[in-house]
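One structure is given below, encoded as structure tokens.
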Amino acid sequence: MGGNGSRKPHKNQKARFLSWLLNLGASCYDMTMLIPSWSNIFSEMDDINLHYRFLNWRRRIREIREVRAVRYRERFKRMLRDGDILRYQGNSDEVGCYVAPRPLSKGNRYFEVTIIDTGVRGMIAVGLVPQFYKLDHQPGWLPHSVAYHADDGKLYNGNTVGQQFGPKCNQGDRIGCGIYLDSFDDGQITVFFTKNGKEVGNVEIPGSPEAFYPAVGMHSLGEEVRLDLHAEWGMEEEDGLMIVDSHEDEWARLHDVKVTGTLLEYVGKGKSIVDVGLAQARRPLSTRCHYYELEIANAGEKCYIALGLARRDYPKNRHPGWSRGSIAYHADDGKMFHGSGVGDPFGPRCFEGDIMGCGIMFPRDYISDGGDDMDDWDLDAWPKQSQVQNDLYANNDDEEEDGEDVDGRKVTVFFTRNGKVVGRREVAIPAGGFYPTIGMMSTGEKVRVDLHPLSG
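Take a look at the structure:
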């Protein structure tokens, strides 16, 4: 009955406690069955991540397509395009401009525009511009653009002031623009322009081809052109061309001269002074290629061999140096001829095995230009004999001064013999530039020519 007063748990309480523990364990077990394993959790997370990554890829692909669509989208303002026809749609106070969707490339480095209608003023421009060029400016007016303008025949090279370049262009004329293939990897490209398939001139500009897009500008009512972005161009060969073997592409005109590799051989009659064999290079000397050489492989009967420079339409039956628009060093007498049949004492005679060279020292910021049409050249404005600086005959006081140079761009033409400068003369360069020109006039004469001796 008495005791310490403590009470022992009732049997029912023990039973309830054991039942509670059992129920708790069962509940915990049921909960673990409801919670997925860690591997299942990570698997589901991977699926979610993959889904979002896929959505992100799709978004990026769509954005890339949109960027490409913008990148290769033609741009034009105040113009109406109907197929390959471009028409001016302004009020003549505002410029209309078209920019092609893709730049020039090695596989497509030339395009042409045919003038269908000159409109009121014929202010049509053809050239190259950056992709996002301002469309309210004529091609050539803004930096990093260049264009040939039909109305005045001028070249505009990143400036609103043009430089005399070539002939004007009218209804029916084709204006072409391209990039020389050999200038694609230099960081400095040579852009050339053509009129009716014949090269007018060229200009060197800094940059890479992929930065320049074909462009057409118009500026007066009624102007209309046909655009050919995939035109092909090759120098048209002239009559009397005799070409065999390789290196034929380097020569535009050959009269009574046969080409075999780098060897030129006289095949004319050699009976009189009109039996001239003439070879003229395809391209004029430029700041990129300013010098060439020949080696006398066979002096022939009289060694009437002349090395020099001449305008593009130089007469085929005149020795280089004899007619206006030419200057030459003659091997047989060592004289220089500059637009005259009377030569000046200049240097030593040259014989078989000698190497003769000719080049131009261009002034800074020089732009090569020109025109093809004789009517656009003022040949009477050619300078007469000017003072010669002669390194071998420095004390010769017999030099003639038949007249003064007229205003015009001046360059210094120099000649060499076996690697040493013979002398030089300052002359005015003709429209279209000075073309390497070689003359021969007696049987058996042969020369070996290197038009690019300074290239690697």
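Position one of the sequence shown corresponds to residue 100 (my numbering), numbered consecutively onward.
Virtual Cβ for every residue (Gly too), placed ideally from N, Cα, C.
Limits of the beta strand (DSSP E) - the one that residue i falls within
{"i": "M435", "result": "K434 to H437"}
{"i": "M317", "result": "Y312 to M317"}
{"i": "N256", "result": "K253 to N256"}
{"i": "V441", "result": "Counting along the chain, V441 falls outside any beta strand (DSSP E), and DSSP gives it neither H nor E."}
{"i": "H429", "result": "S425 to H429"}
{"i": "A378", "result": "G376 to A380"}
{"i": "M178", "result": "M178 to D181"}
{"i": "E331", "result": "No beta strand (DSSP E) contains E331, which DSSP labels as neither H nor E."}
{"i": "W548", "result": "The amino acid at residue 548 is misidentified as Trp; the sequence shows Val. Start and end: E544 to D549."}
{"i": "G195", "result": "G195 to V198"}
Helix, strand or coil at residue i according to DSSP, with G and I counted as helix
{"i": "R352", "result": "strand"}
{"i": "R172", "result": "coil"}
{"i": "D250", "result": "coil"}
{"i": "E451", "result": "coil"}
{"i": "E303", "result": "strand"}
{"i": "P308", "result": "helix"}
{"i": "N397", "result": "strand"}
{"i": "D281", "result": "helix"}
{"i": "R158", "result": "helix"}
{"i": "R411", "result": "coil"}
{"i": "R115", "result": "helix"}
{"i": "T511", "result": "strand"}
{"i": "Q263", "result": "strand"}
{"i": "I459", "result": "strand"}
{"i": "R524", "result": "strand"}
{"i": "I288", "result": "strand"}
{"i": "A530", "result": "coil"}
{"i": "F231", "result": "coil"}
Residue i, buried or exposed, once every other Cβ within 10 Å from all chains shown has been counted against 16
{"i": "E211", "result": "buried"}
{"i": "I372", "result": "exposed"}
{"i": "M155", "result": "In the sequence as displayed, the identity of residue 155 is Asn instead of Met. Looking at its Cβ environment, which holds fewer than 16 other Cβ atoms inside 10 Å, N155 is exposed."}
{"i": "D471", "result": "Because D471 sits at a pLDDT of 38, beneath the cut-off of 50, its placement in the model cannot be relied upon, and the following sentence gives the value as read from the coordinates. By the neighbour-count rule (16 or more Cβ atoms within 10 Å), D471 is buried."}
{"i": "Y247", "result": "buried"}
{"i": "T217", "result": "buried"}
{"i": "G452", "result": "exposed"}
{"i": "S541", "result": "buried"}
{"i": "K329", "result": "For the sequence presented, residue 329 should be read as His rather than Lys. Classification of H329: exposed, given that the 10 Å Cβ count is below 16."}
{"i": "F450", "result": "exposed"}
Closest Cα partner of residue i within the set the options
{"i": "G286", "options": "A380, G306 and E173", "result": "G306"}
{"i": "E173", "options": "P447, G518 and R201", "result": "R201"}
{"i": "L179", "options": "V324, R382, H551 and E349", "result": "V324"}
{"i": "K294", "options": "F311, K545 and C276", "result": "C276"}
{"i": "R524", "options": "G420, R177, E193 and R352", "result": "G420"}
{"i": "H354", "options": "A378, E364 and G369", "result": "A378"}
{"i": "K545", "options": "G440, F533, R508 and G376", "result": "G376"}
{"i": "D250", "options": "P242, N256 and G261", "result": "G261"}
Cβ distance (whole Å) where residue i is taken to contact residue j below 8 Å
{"i": "V198", "j": "Y312", "result": "5 Å"}
{"i": "R381", "j": "D412", "result": "Not a contact, Cβ separation roughly 14 Å."}
{"i": "Y66", "j": "G446", "result": "For residue 66 there is no data in the structure shown, the boundaries of the chain being 100 and 555."}
{"i": "H318", "j": "M222", "result": "4 Å"}
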